[in-house]
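Asker: Got a structure here, written out as structure tokens. Questions coming.
Here it is, written out as structure tokens:
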């Protein structure tokens, strides 16, 4: 995406700054919720990042963001284990939601809707900030779903570090919808592939935890989460730990 005009439709995708030393990609799915990969919430020592160490830069491009937001809390899927060895199950639970301090209410930043997992052979696209294109988002529009299993999707998309948490889009008459989140890269034989978690029940599980106060210090007083909908086995893969 060469210009902000080119990327206008994707400004709900943003860069997640992590403790000033790393970054992932995240996407707005309601005015105050960002979808990303669970492993993005941990530092290299396996410690969960504090909310104040995370910042969401919506539509980040060449040093400017369409909106900046600090984070109120970040919650990974309850079954996700950062210390587990790479496996289909680790990918399956590699989903997290980040609640922003303040909703993004901007007419040019429209949250994306989520959808059911795509079918094998379906074309998908990944919008991401990777280490070699970290100052502007890029869309890879030549990917396809190679395998759609219960615990993970294997896609022909080429991803790199920084792409973790990137939304995987399917396209239809209703426009783009997020159908997965990039968890890691891998190899299927000699072919580089990306692995993604199907969303389906995963988001509901995290929302249920958040409704019960997950992500807040025990005993703290907090306002309820209001998350409104947005507007719009043997896998044959060799895992590469993210």
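Residue numbers (UniProt numbering): 1 to 242.
Here a beta-carbon is modelled for each residue, glycine too, at the ideal position from N, C-alpha and C.
Check the C-beta distance from residue 197 over to residue 183 and give it rounded, since I have them as a contact under 8 Å.
Answerer: As a working note, residue 197 is residue 197 in the chain shown. As a working note, residue 183 is residue 183 in the chain shown. Indeed they touch by this definition, with Cβ atoms about 6 Å apart.
Asker: Based on Cα-Cα distance, which residue from 159, 15, 72 and 143 lies nearest to residue 296?
Answerer: Since the first residue shown for the chain is 1 and the last is 242, residue 296 is missing from the structure and cannot be characterised.
Asker: Restricting to runs no shorter than 4 residues, where is the alpha helix (DSSP H) found entirely within the stretch 46 to 107?
Answerer: Correct list: 88 to 92.
Asker: The beta strand (DSSP E) that contains residue 20, what's its start and end?
Answerer: As a working mapping, residue 20 is identified with position 20 in the chain shown. Element bounds for residue 20: n/a, residue is neither H nor E.
Asker: Taking C-alpha atoms, which residue in 212, 88 and 100 lies nearest to residue 185?
Answerer: In the chain shown, residue 185 corresponds to position 185, counting from 1. Ranking 212, 88 and 100 by Cα distance to residue 185 puts 88 first.
Asker: Could you pull the start and end residues of the alpha helix (DSSP H) that residue 189 belongs to?
Answerer: Taking the chain shown and counting its residues from 1, the one referred to as residue 189 is at position 189. Run containing residue 189: none; DSSP gives neither H nor E here.
Asker: In this structure, how does DSSP classify residue 28 when only helix, strand and coil are distinguished?
Answerer: For the purposes of this step, residue 28 is taken as residue 28 along the chain shown, with counting starting at 1. Reduced to three states, the DSSP call for residue 28 is strand.
Asker: Per DSSP, which residues does residue 198 bridge with? Please list them.
Answerer: To locate residue 198, count along the chain shown from 1; it is residue 198. Residue 198 pairs with 180.
Asker: Whether or not the stretch 55 to 69 and the stretch 148 to 164 are in contact is what I'm after, with contact meaning three or more pairs of Cβ atoms, one per stretch, closer than 8 Å; do they touch?
Answerer: no
Asker: Rounded to whole angstroms, how far is the Cβ of residue 178 from the Cβ of residue 107, which I believe are closer than 8 Å?
Answerer: Looking up residue 178 in the chain shown gives position 178. Looking up residue 107 in the chain shown gives position 107. Not really, about 20 Å apart at Cβ, beyond 8 Å.
Asker: From residue 20 to residue 121, what does the alpha carbon distance come to, in whole angstroms?
Answerer: The residue labelled residue 20 in the question sits at position 20 within the chain shown. The residue labelled residue 121 in the question sits at position 121 within the chain shown. Rounded to the nearest angstrom, the two C-alpha atoms are 38 Å apart.
Asker: Where does residue 207 fall in DSSP's three states?
Answerer: Counting from 1 along the chain shown, the entry for residue 207 is found at position 207. DSSP places residue 207 in helix when its eight states are reduced to three.
Asker: Taking its Cβ as the centre, do 16 or more other Cβ atoms sit within 10 Å of residue 77, making it buried, or is it exposed?
Answerer: The residue given as residue 77 occupies position 77 in the chain shown. With 16 or more Cβ atoms within 10 Å of its Cβ, residue 77 is classed as buried.
Asker: Would you call the CB atoms of residue 69 and residue 55 closer than 9 Å?
Answerer: The residue you call residue 69 lines up with position 69 of the chain shown. The residue you call residue 55 lines up with position 55 of the chain shown. In contact: residue 69 and residue 55 (Cβ atoms closer than 9 Å).
Asker: Once DSSP output is grouped into helix, strand and coil, what is the label at residue 152?
Answerer: Locating residue 152 in the chain shown gives position 152, counting from the first residue. Coil at residue 152, not helix or strand.
Asker: Thinking C-beta only, is residue 167 closer than 9 Å to residue 27?
Answerer: Indexing the chain shown from 1 puts residue 27 at position 27. Indexing the chain shown from 1 puts residue 167 at position 167. Yes.
Asker: By alpha-carbon positions, which one of 126, 208 and 42 ends up nearest to residue 83?
Answerer: Position 83 of the chain shown, counting from 1, holds the residue named residue 83. Comparing Cα-Cα distances from residue 83 to each of 126, 208 and 42, the minimum goes to 42.
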